[in-house]
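Residue numbers (the working numbering): 4 to 195.
Shown next, in structure tokens, is the structure this report addresses.
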């Protein structure tokens, strides 16, 4: 009797792990596009930072990213539990924001090509940057990167939540937490 109960328990655990791995794989595939944005953003965060300060800047943003996910994952689980109908509108809002951000970057790039900076103005801009306190410059870069990471992380969590919304709560918790941790380690490990 005890042997069959143990086998039943092991079978349930294997089924749970199989469900988690399948949903995690689907979530990872669907969030890959947003991860590309996250990688490119975070590679740019160390631009203009002294070489010996790059890793501390990346570490600061990574810590902020973990804090973002500590906020977003429970929030996503609450949304899934109490207002599951809000998942699709959140995905649509996040997608619209990413489209807006992409168009803004393209327009900014086109505008920069039209208006070439004259050498005198460029020299003034570079001199002003050189006068700034390097630690204040780093703090500003880290704050800006953490803010942008929050938006991208929210989209990643929302996409993942859309995939696991019908799963049992334990699966949702494990998959959302796993994706959040893997994404943060992956992105900041590659950038660092």
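The C-beta atom is built at its ideal place from N, Cα and C for all residues, glycine as well.
Note that the structure is predicted; figures quoted are calculated from it, not measured.
Can you list, in chain order, the residues of its chain with a C-beta nearer than 6 Å to that of residue 63? Leave out the 5 residues immediately preceding and following it.
As a working note, residue 63 is residue 60 in the chain shown. Answer for residue 63: 145, listed in chain order.
Looking at C-alpha atoms only, which residue of 58, 57, 59, 66 is the closest neighbour of residue 149?
Here residue 149 corresponds to residue number 146 of the chain shown, with the count starting at 1. Residue 149 has its Cα closest to that of 66, out of 58, 57, 59, 66.
To the nearest angstrom, how far is it from the Cα of residue 101 to the Cα of residue 56?
Locating residue 101 in the chain shown gives position 98, where the first residue counts as 1. Locating residue 56 in the chain shown gives position 53, where the first residue counts as 1. Each residue's alpha carbon lies about 30 Å from the other.
Which residue comes first and which comes last in the alpha helix (DSSP H) that contains residue 158?
On the chain shown, position 155 is the one that residue 158 refers to. Segment 137–167, the alpha helix (DSSP H) holding residue 158.
What would DSSP say about residue 86, mapped onto helix, strand or coil?
Here residue 86 is taken as the residue at index 83 of the chain shown, counted from 1. Coil at residue 86, not helix or strand.
Cα separation between residue 134 and residue 178?
Reading the chain shown from its first residue, position 131 is the one you call residue 134. Reading the chain shown from its first residue, position 175 is the one you call residue 178. C-alpha separation (whole angstroms): 47 Å.
Rounded separation between residue 123 and residue 131 - CA only
Stepping through the chain shown from its first residue, residue 123 is reached at position 120. Stepping through the chain shown from its first residue, residue 131 is reached at position 128. Answer to the nearest angstrom: the Cα atoms are 13 Å apart.
Alpha-carbon spacing of residue 141 relative to residue 116, whole angstroms
Locating residue 141 in the chain shown gives position 138, where the first residue counts as 1. Locating residue 116 in the chain shown gives position 113, where the first residue counts as 1. About 28 Å.
Do residue 183 and residue 94 have their C-beta atoms closer together than 8 Å?
Position 180 of the chain shown, counting from 1, holds the residue named residue 183. Position 91 of the chain shown, counting from 1, holds the residue named residue 94. Going by C-beta atoms, residue 183 is not nearer than 8 Å to residue 94.
Alpha-carbon spacing of residue 118 relative to residue 108, whole angstroms:
As a working mapping, residue 118 is identified with position 115 in the chain shown. As a working mapping, residue 108 is identified with position 105 in the chain shown. Using only the alpha carbons, I get a separation of about 15 Å.
Beta-carbon within less than 6 Å of residue 147's beta-carbon, same chain only, minus the 5 sequence neighbours each way: which residues are those?
Taking the first residue of the chain shown as position 1, residue 147 is located at position 144. Cβ neighbours of residue 147 beyond the five flanking positions: none.
Count the other CB atoms within 10 Å of the CB of residue 156; is the residue buried (16 or more) or exposed (fewer)?
As a position in the chain shown, residue 156 is number 153, starting the count at 1. Residue 156 comes out buried.
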